[in-house]
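Here the sequence shown stands for residues 32 to 246, numbered as in our numbering. Yeah, the Cβ is synthetic: ideal placement off N, Cα and C, and Gly gets one too. No experiment lies behind these values; they were computed from the predicted model shown.
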Amino acid sequence: MKNKNEMYPIVFLIFGIILMMLVSGLSIRRYIKNMKAQRVSKASSEQKEDSKIFFNKPEIHPENTSLKIYKSKRVLELYGDNKLIGRFKIGLGTQEKGAKEKEGDNKTPEGSYYVCYINANSKYKYFFGISYPNIKDAKNGLEKNIIDKTTYNSIKIAIEEGRTPPWHTALGGEIGIHGGGTESNWTYGCIALDDKDIDILKNYINIKSPVYIYK
């Protein structure tokens, strides 16, 4: 049988191993906690950055411009030659949830469109009409018996030819981007900007400029 002196190193070794395991466990838990905190902080910072309102006038006027509209964030982004050059606050249709489907639902569309009409004398400062309804909107309307096949075909042909689609159908129309203010979602389905911001957009947006509207 081993004497007490021979047992001491083994006891200290076991104690040391247990202590190291405890310290390591605490360190790992602390590391995981810190990593989670960093991820939350990074996500929060990215979210703030994604909502930052700004305009950086490009030194060279872009050849191609496009717009991305995020309904949930209530922002419109202006791109010049695929580079983000501005982000602006917006107001939307009074019915905030869902995509526009028919006349009078007061919803803002969702999908891919293009500027098809410009009115420089709008009562809302300036008006960029967009190509709502597009083919997808028309197909949805046909499937839900909101429009008939003849109306669907008229919309489809207009979009394929890059023209203004029929605006006076059961799907609604005359949806666009204009001034008038952004304090609330107050429009019948259009995208509203502050007048000073629509003054910026009119220097960059043209007929056929792409407009992408997201939830």
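Beta bridge pairing from DSSP links residue 207 with 160. Counting along the chain, residue 98 sits inside the beta strand (DSSP E) bounded by residues 96-101.
Under the DSSP assignment, residue 174 falls outside any beta strand (DSSP E), being part of the alpha helix (DSSP H) whose first and last residues are 166-174.
The alpha-carbon separation between residue 113 and residue 52 amounts to approximately 53 angstroms. Assigned with DSSP and collapsed to three states, residue 138 falls in coil, not helix or strand. In terms of CA proximity to residue 126, 139 leads the group 133, 120, 134 and 139.
Secondary structure at residue 47: helix, using DSSP grouped into helix, strand and coil. Residue 205 and residue 188 have their alpha carbons spaced roughly 18 angstroms apart.
With fewer than 16 other Cβ atoms inside 10 Å of its own Cβ, residue 86 counts as exposed. Pairwise C-beta distances place the region 176-184 out of contact with the region 143-154, as fewer than three of them are shorter than 8 angstroms. In this structure, the beta-carbon distance from residue 160 to residue 195 falls below 8 angstroms. Here DSSP, grouped into helix, strand and coil, assigns residue 189 to helix. Assigned with DSSP and collapsed to three states, residue 123 falls in coil, not helix or strand. If you draw a straight line from the Cα of residue 121 to the Cα of residue 157, it comes to about 14 angstroms. Of 129, 131, 133 and 92, the smallest CA-CA separation from residue 110 is found for 92. Rounded to the nearest whole angstrom, the C-alpha separation of residue 172 and residue 90 is 44 angstroms.
Taken through DSSP and simplified to helix, strand or coil, residue 150 comes out as strand.
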